[in-house]
Amino acid sequence: MNDIVIPPLVALMFFPGGLALLAGSLLYEWADRKLLACFQNRIGPRWFQPLADVVKLLSKEEVMPEGVNKLLFLMLPVIALAGSLTAALYVPIAGFSPAFSFNGDLVVTLYMLSLLTLCLGLAGANTVDRFSLVGATRTLTQLFSYEAPFLLALLGPALAAGTWQINQVNNFAAQNWWMMLIQPIGFLVALVGLMGKLELTPFDAPEAETEIVAGALTEYSGRGFALFRLGKNVELVIGLTLMAAFYLGGIHNPLDFLLKTLGLLLVLSFLQSLFARLRIDQVVGLWWRIGALLALVNILLVLVIF
Amino acid sequence: MHGTALALGVEKLAGVTAPPRAQAIRSLIAELERVHSHLLWLGVAAHEGGFDTLFMYSWRDRETVMDLLEGISGNRVNYSANVLGGVKLDISQEQADAIRKGIDFLEERSHFYMKVVTNDETFLARTRDVGTMTKEQAVLFGAVGPTGRASGLDMDIRASAPYAAYTDFPVNVITGTRGDLEARFVVRIKELFETFRLIRELLDKMPAGELTVRVPRKIPAGETISRVEAPRGELFYFLKSNGSDTPDRLKIRTPSLCNWASVMKLAVGHKLADIPMMVAGIDPCFSCNDRLFMIRRKESDPGQIWTWEDLRRYGIGYYQK
Amino acid sequence: MGLKFDIPIGSMVSDVVKSFFKKPITRRYPFERLDAPKAYRGKLVWDPAKCTGCQLCVKDCPADAIELIVVDRANKRFVMRFHSDRCTYCAQCVVNCRFKCLNLSSKEWELAALTKEPFTVYYGKDEDIAALLAQAGKAENGE
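Residue numbers (numbering that gives the first Met the number 0), protein chains in the order written: chain A, 0 to 305; chain B, 0 to 320; chain C, 0 to 142.
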């Protein structure tokens with residue numbers, strides 16, 4: 000599959016990014032919710048539930064609260080979704096080689112995904128509602144805590160491959176043993192970091208519905224809310240692809256992609272169902288004490304061994 | 000529980016006592032209601048802490064006790080077991096066997112929940128040393144029920160002023176020492192074990208006899224106080240009769256009202272994320288706390304009772320400003 | 000599966016893993032329906048044959064859900080109008096009735112409706128009910 004070259008514009012708009020990615024991300028959200036339900040001994044939603052949610056949200060009125068900056072309020076969801084969709088250009092989505100690959104695109108991809116979190120934080124800070132402000136603060140605090148260990152953990156395989164280009168790390172991972180076995184500490188940190196990035200339990204303090212309604216997205220409704228949710232779903236798919244490409248032996252054809260990402264999703268849902276929500280100060284303490292330390296240990300080991 | 004309190008108060012005024020079998024059935028339904036309430040609370044408190052899995056599982060197990068109560072009384076939540084003078088339902092042998100089986104299953108599950116609540120590090124991070132209330136503070140704030148007992152307060156109406164069948168089937172009062180949220184969890188789950196023991200004893204030694212005693216239609220004039228131990232604490236009824244067949248005054252003081260002071264005082268200094276758990280820790284019944292508000296705009300204002308119309312007009316005017 | 004040691008993190012793992020391989024506990028109502036137990040307090044059912052018209056059930060209803068309309072007291076012809084939306088299903092009327100005319104059904108308990116009409120139920124002989132409704136209709140038109 001690495002010889003098929005998809006022009007970047009097609010990849011961005013239609014396949015495997017763009018519309019196909021949007022549709023696929025809805026199915027991934029369904030898979031996550033359904034797996035969580037299976038672990039909790041209940042039925043869970045039907046396959047078209049996330050699609051129905053999006054359609055319903057798009058048809059609702061968008062209420063603009065008083066005191067917000069109107070341009071920011073309308074543009075932030077769009078920018079967030081655009082950032083996540085752009086990140087699809089650089090990762091081997093659906094098993095095809097990335098449509099646009101250059102040296103250093105690992106950093107660009109990670110920052111595209113962080114753009115979404117940043118937009119969430121800005122959206123929360125934009126509104127004059129106490130719940131949104133607290134949610135925005137928590138989102139940005141969490142961003143600062145897991146970002147460094149997550150990047151360091153992803154650097155492990157990149158260092159082993161000797162490159163910053165995702166495509167080449169992907170190929171390197173395919174030719175060697177699975178990085179999950181060679182760098183278990185890095186895998187662990189990256190997995191937990193992914194949970195932090197996606198704001199899954201136990202790191203869903205920014206979106207704690209029992210404490211701050213909906214966090215940064217409290218005042219959003221209708222189209223803006225739908226776009227943010229789509230952005231988060233796309234982030235889920237891209238995060239899973241990155242993890243699978245780096246640690247689970249690379250992705251080279253669609254079947255490989257499906258099996259590995261869905262396997263990772265199973266593990267993520269399993270971990271989601273096991274833990275209670277941590278307070279934001281406990282999250283920061285955990286990441287900066289244990290997470291960063293483990294990530295650094297991993298980097299040292301890689302530098303020494305490889 | 001409210002029905003039992005009212006029935007006991009009216010019977011006290013009328014000078015009659017319900018027969019022993021009726022009292023035992025009242026206690027049995029009350030204890031099953033306590034199991035139901037504590038399992039519900041466990042799920043809700045876990046949900047407030049973000050632990051949705053515990054929420055789903057404890058509510059799944061709650062279905063067992065709801066089905067038992069449905070088989071006995073006819074409804075899963077509103078049991079309506081009491082009549083003035085006794086109870087209107089009887090426990091047959093096969094119902095008793097079904098209760099025993101259900102209780103065995105629930106006891107095994109409660110042991111599991113006790114282990115989860117006291118061992119899971121992520122959950123302990125949310126409950127240990129949160130909302131700590133010392134015994135002196137508990138006395139000062141007037142905390143009742145498991146909230147107070149978790150701080151070492153030895154107060155249980157079933158033991159200190161026994162009613163219904165609790166004179167013949169005494170209860171061991173469960174207290175905790177640390178007074179934090181974890182202690183409240185532990186006390187309520189330990190109360191579940193005590194309740195299971197009590198239910199088995201009630202079923203084994205249920206006195207035979209009639210279910211009701213004749214209560215006159217017109218209750219003699221007088222005032223009385225009736226207190227029962229609801230799952231949340233001491234439920235207080237003040238009943239005044241003027242000799243006719245409708246009460247002159249009935250004042251109900253629910254236990255949730257007493258426990259709010261502890262949240263208000265102890266919340267100072269905690270983080271925002273602790274507040275939902277602390278509020279859930281007192282097992283609040285929000286509908287029991289709907290109270291009348293009197294608005295006084297100045298010191299000299301005698302106060303004015305607002306009707307729904309006043310409130311609506313005020314709300315509309317506020318947003319038009 | 001009883002674990003001999005206490006797990007410090009993820010204590011619910013035994014339940015979670017077991018549930019993944021079991022069927023969900025959710026009952027797919029309304030496709031799967033269980034029968035209600037015999038003691039279930041559903042819709043009120045009235046047997047007019049034994050009724051003497053003492054109105055004890057009407058007197059003690061906390062929700063004014065029962066009305067007993069007298070068509071002919073000497074011949075014991077009554078019509079009962081039951082408001083199932085006002086009823087609290089407490090069964091006080093069942094306890095009060097000395098002749099066991101009233102019963103809360105355990106078969107009919109799915110009482111939700113999309114309009115208001117099903118909530119007012121008439122019990123009694125058909126001709127009595129027809130006469131009553133005709134009377135009410137005449138009164139409305141006459142006004």
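We put the CB at the ideal spot given by N, CA and C, even for glycine. Keep in mind the model is a prediction, meaning the values are calculated, not measured.
My output table needs one value for Asp46/C: the three-state DSSP class, helix, strand or coil.
Three-state DSSP puts Asp46/C in coil, outside helix and strand.
Cβ neighbours of Arg231/B in the same chain (closer than 7 Å, five flanking residues each side left out):
Gly144, Pro254, Ser255, Asp282 and Cys284.
Look up Thr131/B in the DSSP assignment and say whether it is helix, strand or coil.
Under the three-state reduction of DSSP, Thr131/B is assigned to coil, being neither helix nor strand.
What are the boundary residues of the alpha helix (DSSP H) that Asn232/A is part of?
Gly221 to Tyr246 is the extent of the alpha helix (DSSP H) around Asn232/A.
Three-state class that DSSP yields for Asn102/C in the structure shown
Asn102/C: strand per DSSP, three-state reduction.
Between the alpha carbons of Lys264/B and Leu139/B, how many angstroms are there, rounded?
Answer to the nearest angstrom: the Cα atoms are 11 Å apart.
Using a Cβ-Cβ cutoff of 9 Å, what residues of the region 32-49 of chain A are near chain C? List them in chain order.
Taking 9 Å as the Cβ-Cβ cut-off against chain C, the residues of the region 32-49 of chain A that qualify are Leu34, Ala36, Cys37, Phe38, Gln39, Asn40, Arg41, Ile42 and Gly43.
Can you check whether the C-beta of Val15/C is within less than 7 Å of a C-beta belonging to chain A?
Interface residue, yes.
Since Asp66/B is in the alpha helix (DSSP H), which residue starts that stretch and which ends it?
Boundaries of the alpha helix (DSSP H) around Asp66/B: Asp51 to Ser72.
Pick out whichever of Ile6/C, Arg40/C and Pro61/C has its Cα sitting closest to the Cα of Leu180/C.
In the structure as shown, chain C begins at 0 and stops at 142. Residue 180/C is therefore absent and cannot be evaluated.
Own chain residues within Cβ distance below 6 Å of Gly8/B, not counting five before or after
For Gly8/B, same chain residues with a beta-carbon under 6 Å away, outside a window of 5 residues either side, are Thr223, Ser225, Tyr236 and Leu238 in chain order.
Beta-carbon separation of Gly185/A and Gly155/A under 7 Å?
Between Gly185/A and Gly155/A, the C-beta gap is smaller than 7 Å, which places the two residues in contact.
Using a beta-carbon distance cut-off of less than 7 Å, what residues from the region 62-78 of chain B approach chain C?
Answer set for the region 62-78 of chain B: Glu69, Gly70, Ile71, Ser72, Gly73 and Asn74.
State the Cα-Cα distance for the pair Cys92/C and Ser72/B, rounded to the nearest angstrom.
Their backbone Cα atoms lie some 16 Å apart in a straight line.
Simplified DSSP assignment, three categories, for Asn40/A:
The answer is coil: DSSP assigns Asn40/A none of H, G, I, E or B.
If we require 3 or more residues per run, which beta strand (DSSP E) segments fall completely within the region 138-162 of chain B?
Runs found: none.
Looking at C-alpha atoms only, which residue of Leu67/C, Ser18/C and Trp45/C is the closest neighbour of Leu103/C?
Ranking Leu67/C, Ser18/C and Trp45/C by Cα distance to Leu103/C puts Trp45/C first.
Chain A partners of Phe19/C, CB-CB under 7 Å?
Within 7 Å Cβ-Cβ: Cys37 and Phe38.
Spatial distance of Ala98/A from Ile274/B (CA atoms):
Computed Cα separation, rounded: 49 Å.
Whole-number beta carbon distance between Leu38/B and Ser26/B, since they are thought to touch under 8 Å
So it is not a contact: roughly 19 Å between Cβ atoms.
Less than 7 Å between the C-beta atoms of Asn102/A and Trp163/A, yes or no?
Contact flag set, yes.
Can you list the residues of chain C that Ser272/A reaches, using a CB-CB cut of under 7 Å?
Going along chain C in sequence order, the residues near Ser272/A (Cβ under 7 Å) are Val15.
Straight-line gap, Thr217/A to Arg85/C (C-alpha atoms, nearest Å)
Roughly 38 Å separates the two Cα atoms.
Does the beta carbon of Glu142/C come closer than 7 Å to any beta carbon on chain B?
A caution first: Glu142/C carries a pLDDT of 47, below 50, which makes its placement in the model too unreliable to give a value.
Does any heavy atom of the ligand ZN sit closer than 6 Å to the C-beta of Phe140/B?
Ligands in the displayed structure: none, and consequently the ligand ZN is not present.
In chain B, what lies closer than 7 Å to Cys89/C by C-beta?
By Cβ distance, chain B contributes Ser79.
With distances taken from CA atoms, which of Tyr165/B, Pro18/B and Thr194/B is nearest Val214/B?
Ranking the options by Cα distance to Val214/B, first place goes to Pro18/B.
Between the region 116-124 of chain C and the region 105-120 of chain B, are three or more C-beta pairs nearer than 8 Å?
With the rule of 3 Cβ pairs closer than 8 Å, the region 116-124 of chain C does not count as touching the region 105-120 of chain B.
Exposed or buried, which one is Leu197/B when buried takes at least 16 other CB atoms within 10 Å?
Answer is buried; the Cβ neighbour count reaches 16.
Report yes if the CB atom of Ala215/A is closer than 7 Å to the CB atom of Ala122/A, and no otherwise.
Contact flag set, yes.
Restricting to Cα atoms, I'd like to know which of Asn74/B, Ala207/B, Thr131/B and Arg312/B is closest to Val267/B.
It is Thr131/B.
Assign Gly208/B to one of two classes, buried (16 or more other C-beta atoms within 10 Å of its C-beta) or exposed (fewer than that).
With fewer than 16 other CB atoms across the displayed protein chains lying within 10 angstroms of its CB, Gly208/B is exposed.
Grouping DSSP H, G and I as helix and E and B as strand, with all else coil, what is Asn74/C?
Looking at Asn74/C - three-state DSSP - the assignment turns out to be coil, as it is neither helix nor strand.
Nearest CA to the CA of Gly43/A: which residue from Leu50/A, Asp31/A and Ala51/A?
When only C-alpha atoms are compared, the closest one is Asp31/A.
Contact the region 108-122 of chain A vs the region 73-83 of chain A: 3+ CB pairs below 8 Å:
Result yes; three or more Cβ-Cβ pairs closer than 8 Å.
Below 8 Å, how does it come out for the region 166-177 of chain B and the region 274-285 of chain A: are there three or more Cβ pairs, yes or no?
With a cut-off of 8 Å, the region 274-285 of chain A and the region 166-177 of chain B do not count as touching, because too few Cβ pairs lie within range.
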